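With the sequence shown counted from 1, adding 156 to any position gets you this note's numbering.
Heads up, the beta-carbon is just placed ideally off N, CA and C, and yes, glycines get one too.
Quick caveat, the model's predicted, so the values are computed rather than measured.
Just below is one structure, and these are the notes that go with it.
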Amino acid sequence: MLKKLLLLVIASTLITVSAQAQVVHNLNANNPQRISPLSNIPSIREAKLARTFTINPVLQQAGIVNVGDIVNLQLFDNDNYQAHISNITTDVNGTLALTLKLPEYPMGFAIITTSTTGKSLVNVSIPELGRSFGSRFNANVNYLIEIDESQMEHPQNENDAVEIPQESEIIENEINGSLQNSLPLFRSPQEVICGPDVNTNVDAPATIKLLVVYTQGALADVYVTNHGGINNVITSMITLGNLCMSNSQTG
Numbered sequence: 157m158l159k160k161l162l163l164l165v166i167a168s169t170l171i172t173v174s175a176q177a178q179v180v181h182n183l184n185a186n187n188p189q190r191i192s193p194l195s196n197i198p199s200i201r202e203a204k205l206a207r208t209f210t211i212n213p214v215l216q217q218a219g220i221v222n223v224g225d226i227v228n229l230q231l232f233d234n235d236n237y238q239a240h241i242s243n244i245t246t247d248v249n250g251t252l253a254l255t256l257k258l259p260e261y262p263m264g265f266a267i268i269t270t271s272t273t274g275k276s277l278v279n280v281s282i283p284e285l286g287r288s289f290g291s292r293f294n295a296n297v298n299y300l301i302e303i304d305e306s307q308m309e310h311p312q313n314e315n316d317a318v319e320i321p322q323e324s325e326i327i328e329n330e331i332n333g334s335l336q337n338s339l340p341l342f343r344s345p346q347e348v349i350c351g352p353d354v355n356t357n358v359d360a361p362a363t364i365k366l367l368v369v370y371t372q373g374a375l376a377d378v379y380v381t382n383h384g385g386i387n388n389v390i391t392s393m394i395t396l397g398n399l400c401m402s403n404s405q406t407g
């Protein structure tokens, strides 16, 4: 009988320790019991529902959250989902990116990025339910919205179009001495060392370094400012790309 009691005590202790090791964070700065949408939706075209939103500052700081931590995604009334952090990165610009998976929905994910300005961008997608959510800045107010996919805003880049002259045209301008400083200069293709041959390193994952460039027009674009600034937009897109590569087991 004494041995059985001791075993019960040990088992109970192990269960308690395991439960305490599970760290849980809330998406919101506080832990509201109810999150009702606004009766008057602000002028955000793709918003089905909207509410004011303040993110939990714990999710904005590297070194506080860890892979495996649980995040309660309290979006709206009756829209509460549990996710776990699957990846944490900080890019060259200092932008923090958290990738979250939703165990209940294998295709679902959330991405939370925070730039050095302290602004965050939240994206939540649950394809199984046909629903997605995101944060938006509008008139100096931060909102969380349910997204109407048919009304989504996309970056406008028609004003960024630049006609690139043909190489023959550049050579002719050089001969005639009329080459303008604004014209791009081309160099002959050169052999570049891109790493070991795949046949000699078959099990190693490929790392691609990506340079993202943008114009001053993009920097000030309404789409970019509504999504928390250029670094949040870039990091969110790269994080989504990495998630797709990971899900596809591309390597």
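Anticipated Cβ contact below 8 Å, residue 208 with residue 185, distance rounded = Translated into positions along the sequence shown, residue 208 becomes position 52. Translated into positions along the sequence shown, residue 185 becomes position 29. The pair is not a contact, with the Cβ atoms about 11 Å apart (cut-off 8 Å).
Beta bridge counterpart(s) of residue 258 as assigned by DSSP = Against the sequence shown, residue 258 aligns to sequence position 102. 261.
Are at least three pairs of beta-carbons, each pair with one atom in the region 376 to 388 and one in the region 263 to 279, less than 8 Å apart?
-> Because the criterion of three Cβ pairs below 8 Å is met, the region 376 to 388 and the region 263 to 279 touch.
Rounded C-alpha distance that separates residue 260 from residue 239 = Numbered from 1 along the sequence shown, position 104 holds the residue referred to as residue 260. Numbered from 1 along the sequence shown, position 83 holds the residue referred to as residue 239. Rounded to whole angstroms, the gap between the alpha carbons of residue 260 and residue 239 is 8 Å.
Cβ-based burial, residue 405 [other Cβ within 10 Å; buried from 16] = Locating residue 405 in the sequence shown gives position 249, where the first residue counts as 1. With fewer than 16 other Cβ atoms within 10 Å, it is exposed.
In chain order, what residues of the same chain have a beta carbon less than 6 Å from the beta carbon of residue 307, not counting five sequence neighbours either side?
-> Taking the first residue of the sequence shown as position 1, residue 307 is located at position 151. Cβ within range, chain order: 201, 202.
Answer yes if the region 235 to 254 comes into contact with the region 371 to 382, meaning at least three C-beta pairs across the two stretches below 8 Å, and no otherwise.
-> Short answer: they don't touch.
Residue 179 - partner residues in DSSP beta bridges | Working through the sequence shown from its first residue, we reach residue 179 at position 23. Bridge partners of residue 179: none, in fact.
Would you list the residues sitting across from residue 230 in a DSSP beta bridge?
-> Locating residue 230 in the sequence shown gives position 74, counting from the first residue. For residue 230, which the question treats as bridged, DSSP gives the partners 236.
If we ignore side chains and look at the alpha-carbon of each, how far apart do residue 175 and residue 356 end up?
-> Along the sequence shown, one-based indexing puts residue 175 at 19. Along the sequence shown, one-based indexing puts residue 356 at 200. Its pLDDT being 47, under 50, residue 175 is placed unreliably in this model, and the value from its coordinates should be taken loosely. Cα to Cα, the separation comes out at about 45 Å.
Hey, would you say the C-beta of residue 253 is under 7 Å away from at least one heavy atom of the ligand GTP?
-> Ligands in the displayed structure: none, and consequently the ligand GTP is not present.
Does DSSP classify residue 382 as helix, strand or coil?
-> By 1-based counting over the sequence shown, the position of residue 382 is 226. Helix, per DSSP.
Who does residue 293 pair with in a DSSP beta bridge?
-> Within the sequence shown, numbered from 1, the residue matching residue 293 stands at position 137. Partner residues in the beta bridge of residue 293, as assigned by DSSP, are 298.
Secondary structure of residue 241, DSSP reduced to three states | As a first step, residue 241 is located in the sequence shown; it is residue number 85 there, counting from the start. In the structure shown, residue 241 sits in a strand (DSSP, three-state: E or B).
Compare the C-alpha of residue 231 against each of 395, 287, 295 and name the closest.
-> Here residue 231 refers to the residue found at position 75 of the sequence shown. Nearest C-alpha to residue 231: 287.
Residues bridged to residue 184 (per DSSP) = Here residue 184 is taken as the residue at index 28 of the sequence shown, counted from 1. DSSP output for residue 184 lists 211 as bridge partner(s).
Kindly indicate the opening and closing residues of the beta strand (DSSP E) around residue 277.
-> By one-based count along the sequence shown, residue 277 stands at place 121. Element bounds for residue 277: 276 to 282.
Give a yes or no on whether the C-beta atoms belonging to residue 233 and residue 190 are separated by under 8 Å.
-> Counting from one through the sequence shown, the residue named residue 233 turns up at place 77. Counting from one through the sequence shown, the residue named residue 190 turns up at place 34. Yes.
Exposed unless 16 or more other CB atoms sit within 10 angstroms - verdict on residue 272 | For this step, residue 272 is matched to residue 116 along the sequence shown. By the neighbour-count definition (other C-beta atoms within 10 Å, threshold 16), residue 272 is an exposed residue.
To the nearest angstrom, report how far apart residue 395 and residue 248 are at their CA atoms.
-> Taking the first residue of the sequence shown as 1, we reach residue 395 at position 239. Taking the first residue of the sequence shown as 1, we reach residue 248 at position 92. Roughly 13 Å separates the two Cα atoms.
For residue 281, is the classification buried or exposed, using 16 other Cβ atoms within 10 angstroms of its Cβ as the cut-off for buried?
-> Indexing the sequence shown from 1 puts residue 281 at position 125. By the neighbour-count rule (16 or more Cβ atoms within 10 Å), residue 281 is buried.
Going straight from the alpha carbon of residue 212 to that of residue 256, what length do you get?
-> Stepping through the sequence shown from its first residue, residue 212 is reached at position 56. Stepping through the sequence shown from its first residue, residue 256 is reached at position 100. Straight-line measurement puts the Cα of residue 256 at about 15 Å from the Cα of residue 212.
Drop a sphere of 10 angstroms on the beta-carbon of residue 366, count the other beta-carbons inside from all chains shown, and report buried for 16 or more, exposed for fewer.
-> In the sequence shown, residue 366 corresponds to position 210, counting from 1. Exposed, since its Cβ has fewer than 16 Cβ neighbours within 10 Å.
Option nearest residue 359 by Cα separation, candidates 407, 397, 196 = Within the sequence shown, residue 359 is the residue found at index 203, counting from 1. Residue 407 is the option with its Cα nearest to residue 359.
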